[in-house]
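Remarks on the structure that follows.
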Amino acid sequence: MHAQIVLFDGFDPLDVIAPYEVLYAGGTASDGAVSVELVSAEGPREVVSGTGGLTLRATAALDPARPGVVLVPGASGRIGEPGEMPDQDAGAAGEWCRDESIPVLLGRTLTTGLPELLRAAMANPRITVAAVCGGSLILAMAGLVEGRPATTHHLGLDLLEATGVQAVDARVVDDGDLVTGAGVTSGLDLGLHLLEREVGPRIAHAVERLFAHERRGIVWRRRGPVPVTV
1 MHAQIVLFDG
11 FDPLDVIAPY
21 EVLYAGGTAS
31 DGAVSVELVS
41 AEGPREVVSG
51 TGGLTLRATA
61 ALDPARPGVV
71 LVPGASGRIG
81 EPGEMPDQDA
91 GAAGEWCRDE
101 SIPVLLGRTL
111 TTGLPELLRA
121 AMANPRITVA
131 AVCGGSLILA
141 MAGLVEGRPA
151 TTHHLGLDLL
161 EATGVQAVDA
171 RVVDDGDLVT
181 GAGVTSGLDL
191 GLHLLEREVG
201 PRIAHAVERL
211 FAHERRGIVW
221 RRRGPVPVTV
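As numbered in the UniProt record's numbering, residues 1 to 230 make up the sequence shown, in order.
Right, dumping it as structure tokens:
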């Protein structure tokens, strides 16, 4: 399994690093059955996160034809409403701005080449698209997951629902070729779930023990009877 983790200006570092480390460790534990790389819509470049200007390097362009997993992180910044920051106060591409809000950073991805690349990835039957935290909102705002179950950070569930997504308040939601995680640290759980699903429970268990991390909650799937109100 090859995983492409997408970087964009203002990304949340933990949304990226948590699943990256889990999947990288899974590759070691499985003797190379898993590989992972950081990519961007624009190709190789230094990408500035939304946390203190921390920078990571994308080593390749996102390739929607390559089988495996494409993982979209959320953004890191000030909590606020879309449009509350004047355009002239926003940072330029590749520039960290302390006062930028998360909705602004997420919305700005829609003006890049990322949505069309993600659309192509979602149309590829050999790719699973995953998202952590606000990454689900990027997919939703791009109109790529309407009508499908997904989760995001609890502060964004209402917005996710408003885009026509079936918002589920769960740690990880698995809808086949779409797997989403909730808040920031859910990237650990999502990464372990992908390892278990794609490589096997013994590899996932070995990585879980290595990280001294116990997964939380139920992985929600669209299976079984619908619960009655209790």
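Just so you know, even glycine gets a beta-carbon here, dropped at the ideal spot from N, CA and C. Fair warning: this is a prediction, and the values are worked out from it, not measured in the lab.
Counting only the Cα atoms, Ala61 lies some 27 Å from Ala29. Annotation: Ile127 to His154 spans about 27 Å, alpha carbon to alpha carbon.
The beta carbon of Ser35 sits closer than 6 Å to the beta carbons of His2, Gly27 from its chain, once the five residues preceding and following it are set aside; these are given in chain order. Nearest neighbour of Thr51 by Cα position, chosen from Leu14, Asn124, Leu71, turns out to be Leu14.
When DSSP states are grouped into helix, strand and coil, Ser136 belongs to the helix group.
Residue pairing by DSSP places Leu62 in no beta bridge whatsoever. In the structure shown, Ala131 falls within a strand segment according to DSSP collapsed to helix, strand and coil.
Rounded to the nearest angstrom, the Cβ distance from Val39 to Ile138 is 15 Å, too far for a contact under 8 Å.
For a cut-off of 8 Å, the C-beta gap from Thr111 to Met141 is around 11 Å, too long to register as a contact. Sequence-distant Cβ neighbours of Gly147 in its own chain, meaning closer than 8 Å and more than five residues away, are Gly164, Val165, Gln166. Around the beta carbon of Thr109, a 10 Å sphere encloses 16 or more other beta carbons of the protein chains shown; the residue is thus reported as buried. Annotated three-state conformation of Val219 is strand, per DSSP. Cβ-Cβ distances below 7 Å link Gly156 to Gly134, Leu137 in the same chain, with the five nearest sequence neighbours on each side left out; the list follows chain order. In the three-state DSSP reduction, Glu214 falls in the coil class, being neither helix nor strand.
DSSP, reduced to helix, strand and coil, places Ile5 within a strand of the structure shown. Non-local C-beta neighbours of Pro115 in its own chain, meaning closer than 6 Å and more than five positions away in sequence, comprise Ala142, ordered along the chain.
For Gly164, there is no enclosing beta strand (DSSP E), as DSSP marks it with neither H nor E.
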